[in-house]
Structures are given as C-alpha cells and as structure tokens.
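Structure, as structure tokens:
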Amino acid sequence: MGRVSALERLRKTSISVKDIASQLWCEKQMELYLMQPYSTPAMAKGAAVHATIQEQVFVELPLEPVTWWDRLYKWAYENYNGIMNIGREGYCREVHIYGSINGYRISGQVDELRLSDGRIMVVEDKTINGNGSRNGVGRRIDSDKMQLNIYHKLLEDMKMRRYTYENFARSYGIEDKKLSADFEKGVRSLGVRDEFVGLGPMYRKMFDAVAQMPVLSDAVRLKYLDRDTKNVITEMDMQYDRKGLEAYLPDAMKYWSGNRDARPVSEENKSRCMSCRFFGKQCTVWWNR
Ligand code: SF4
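Numbering-wise (this note's numbering), the sequence shown opens with residue 6 and increments by one.
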C-alpha cells in the first residue's frame, strides 16, 4: 500500500498558502500546529490589527452564512466587490485566492491588493512586537517572502486564466450546490441582482474580475506593523521570485504527497525551538542536545 498523503492524515481538503510558507521556518512545527491549533494573545492582537485595517475599505456582505456553501458565496461576493472598487479606492483587502500546485487544491487570503503605478501589487502585513525583541522584523522573513511569492503565483494563475473558474468549480464541486434558503432570501433582500445570485454565477464573476484587473506588478510588498500601536515599523518592496519559488515547491510538496515525513529545523537553526510551544513536549528533536 502506498503512503498516505499529509492531507489525508491531517484530514484537510486543501493546503493553505500559509502552511506552505511555514514549512520554510519549521515543517514539523507547521504539522504540529495543524494537529493541535492554538492561539496566543499576540495572535489575537494581530488579528485585531488586521480587522481594523480591513474595515477601511471592505465591502462586507452583511449576512451570516448558514452553510459552508453560503460562506463560500460570501467570500466571492466580497472579493468581487473589493476588486471592482480598486480603481476608486486604490486598494482592496482580504482577498481569497485559489489555485492548484502539483494537483493539490491551494487557497489563501491576500492581505491587500494595491494599485501602484497602474499595476496591482500584492501586499502582506505582518504584525510583530514593536519593541525590537526577538519577535521583531526579519525573524521569519524567508517564510514571509515565500508567502508573498506563492500569493503572487496563484493570483497570476487566476489572472492569466491558467487556473480558471472551471478549474475551481470542478475542484470544489460548486455547480450543483445551492445556497441555503434563508441565506439566498437575505441576499435577494439586499437587492443583489439575479445574475449575482448562486455560487456558480458569483464565482464566475469573481474570476472574471481578477482576470480583468490591471496587470500584476513584478514587485511584492512586505509590511511589518507594531501589533500594539498599529504603526508601520518598516515596509519593503521586492521582486517576485519565480525562480526561488520553483526551486522551493517540489521539495515542499513532497511532504504533502506523503513522500517524506515532516522535517524538524536543522541544527544550525535550532535556536528557533526556543520560541516553539512544542519544544520538549510533542517535539524533542533538539531537547537537551
Ligand atoms: S521544537 Fe524545534 S524542531 Fe521541534 S517543532 Fe518546534 S521548532 Fe521545530
């Protein structure tokens, strides 16, 4: 019998962009986190900062989803409206993106798409401790950059129609799925036109909106914000690193296909274990060594 893929073991149906980027920091930590998710006060503060920034331009569909399919609809509606407003607002926030790598379903949520010099730039915000402690800028910069590279690749695939509405519809099986009656009633009561009601129609519009966006910038932007003050500590623009991404993905995907186990950090990087909540508990690779 062949090896079981990590997705099956972890009972996941898709891989998030964050997961793939986190493999670069410590793959074993990423796997343990997926098995035993947790949150910390710092993570909660980070989420609050994101929520505050999002409020500035986000066009929320003010309805509570009843089913998973309602939720999926809500994301497409919000994506579509955000993207359609970029020309007026100059940017949009929290854009759900979808794609495929090695046949695996990949999804992610881009913090910001910003119109810069007539092009669309992918922006990622990282909230960190602003007092210069070890949680500061640069600590996870390689995985932060990789996250941006993967977002750029997925968005480019959607934009260039290498990953199309049809790919998405097949992968998620949306075409025969219906919105719950209450949710659909809510959507209609908001005056949403017929052509936007239903998962298929809404996603088709959303994929078209991505394809029709201005051309993507070759640069991506990484911003570090103080999680207490919300001030920008630093921001850096860098080139989308297609070659670096292509070099990284084959080995990263071997973990997901079950060709190899999750790797701990190398000896050279074992200082990372000091801030890992699994250190000496679920992971003892570098414990007392
Ligand atoms: S203790 Fe170290 S090697 Fe183990 S999961 Fe954490 S960071 Fe990775």
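From the three backbone atoms N, C-alpha and C, an ideal C-beta is built for every residue, glycine too.
Taking every residue with its beta carbon within less than 6 Å of a heavy atom belonging to the ligand SF4 gives, in chain order, Cys31, Lys33, Gln34, Leu37, Pro269, Val270, Arg277, Cys278, Cys281, Phe283, Phe284, Cys288, Val290, Trp291. By the Cβ neighbour-count rule, valine 9 is exposed, with fewer than 16 other Cβ atoms within 10 Å of its own. Taking every protein chain shown into account, the CB of glycine 113 has 16 or more other CB atoms within 10 angstroms, so this residue is buried. Inter-residue distance for alanine 216 and valine 197 is about 22 Å (C-alpha atoms, whole angstroms). Counting along the chain, serine 148 sits inside no beta strand (DSSP E); it lies in the alpha helix (DSSP H) bounded by residues 146-164. Membership of alanine 224 in the beta strand (DSSP E) is indicated by the continuous run 221-231.
Around aspartate 130, the same chain offers Asp116, Lys228, Leu230 as residues with beta carbons nearer than 6 Å, after the five sequence neighbours per side are excluded.
A straight line joining the alpha-carbon of asparagine 86 with that of lysine 286 spans about 46 Å.
If you draw a 10 Å sphere on the C-beta of threonine 132, you find 16 or more other C-beta atoms in it, and that means buried.
In this structure, the beta-carbon distance from leucine 68 to leucine 195 falls below 9 Å.
Its chain contains Ile155, Ala257 as the residues whose beta carbon lies nearer than 7 Å to that of isoleucine 25, once the 5 sequence neighbours on both sides are disregarded; these appear in chain order. Going by beta carbons, tyrosine 260 and glutamate 32 fall inside the 9 Å limit.
Taking all protein chains in view, the Cβ of methionine 211 is crowded by 16 or more other Cβ atoms within 10 Å, so the residue is classified as buried. DSSP places threonine 239 in the strand class (E or B) of the three-state scheme.
Shown here, isoleucine 88 sits in a helix according to DSSP, grouped into three states. Residues Arg98 of the same chain have their beta carbon placed closer than 6 Å to that of phenylalanine 63, with the five preceding and five following residues left out of the count. Following the DSSP letters along the chain, one finds lysine 183 in no beta strand (DSSP E), marked with neither H nor E.
For serine 176 and aspartate 162, the gap between their C-alpha atoms comes out near 15 Å.
Sequence-distant partners of valine 290 (beyond 5 residues in either direction) whose C-beta falls short of 6 Å from its own C-beta, in its chain, are Pro269.
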